[in-house]
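For the sequence shown, the UniProt record's numbering begins at 1 and goes up steadily by one.
See structure below.
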Amino acid sequence: MGKQSIKAYVYQTLKNAIYEQKLLPGQKLIENDISNSLSISRTPIRQAFAQLQKEGFLTLLPYKGAQVINPSEDEIDEAFIHRKQLELLATQTIMTIITPNDIARLNELVQLERETYKQKDLVTYIEVNKEFHYILIKGCNNRFLKNHTLNMINQTHIYLALYDHFYHINEKKDIRGPNEHQMLIEFLEQKEMKGFSQLLDKHISTTIDEYKGRINQFHQPSDLFS
């Protein structure tokens, strides 16, 4: 296995552990422990840490390793409120821009969301969820607003990976996320801007409350690499 593939392996192993909620907010990752556990040098571990830090999953600890980000309630609150404000602005002209093909794809994505709940596939769920919201803002003609909104959508989906109760939902029951996404599509089909904006506001606000309420429920498991 080459150096690049070793780095990719470590990167994917750690990222999957975060998505599977085996590595929890605030959990420390010690280079030496991972090196011994995986029987690899520390260089690709540092490289994987750097990539995950760049993507927003880890905080680097000088001379020690890294730590899964551990956002406070205030940070989560501020990030989601900022995203909500941006997304509401970026979708102001959506009714004149959205196409039948867009709506067809949004419907496909809602079905995919439901499937990922059945399969307990959080990695795919997050990508599908992001694409849904990307489509909502793709028609925004202010590139700065659009790019900033995309960045905040990506940032808040890291919090989804950390705090969503994805693995504890009974997929046979009503699931809020896909249900509200379906309702947003119905407002788009009806060209009902007021209802769309009110639901989008509620959709993101409810997520804020859910994640803030779960912060203290997360306890660190035993170290995966010790």
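No residue lacks a Cβ here, since even glycine has one placed at the ideal position from N, Cα and C.
All figures in this text were calculated on a predicted structure; none of them were measured in a lab.
Reduced DSSP category for Thr59 - H, G, I as helix; E, B as strand; rest coil: strand
Mapping the DSSP letters down to three states, classify Gly65 as helix, strand or coil. strand
In the DSSP assignment, the beta strand (DSSP E) including Leu24 goes from what residue to what residue? No beta strand (DSSP E) holds Leu24; DSSP gives it neither H nor E.
Is the beta carbon of Tyr19 closer than 8 Å to that of Leu122? yes
Terminal residues of the continuous alpha helix (DSSP H) containing Gln198? If you look at Gln198, you'll find it in the alpha helix (DSSP H) that goes 193–214.
Terminal residues of the continuous alpha helix (DSSP H) containing Arg105? 100–119
Enumerate in chain order the residues of its own chain whose CB-to-CB distance from Thr124 is below 7 Å, with the five nearest sequence positions on each side excluded. Within the same chain, and ignoring the five residues on either side of Thr124 in sequence, the residues whose Cβ sits closer than 7 Å to its Cβ are Thr116.
What is the DSSP secondary structure of Ile175, counted as helix, strand or coil? Ile175 sits in coil when the DSSP states are folded into three classes, being neither helix nor strand.
Coil, strand or helix - His165 by DSSP: coil
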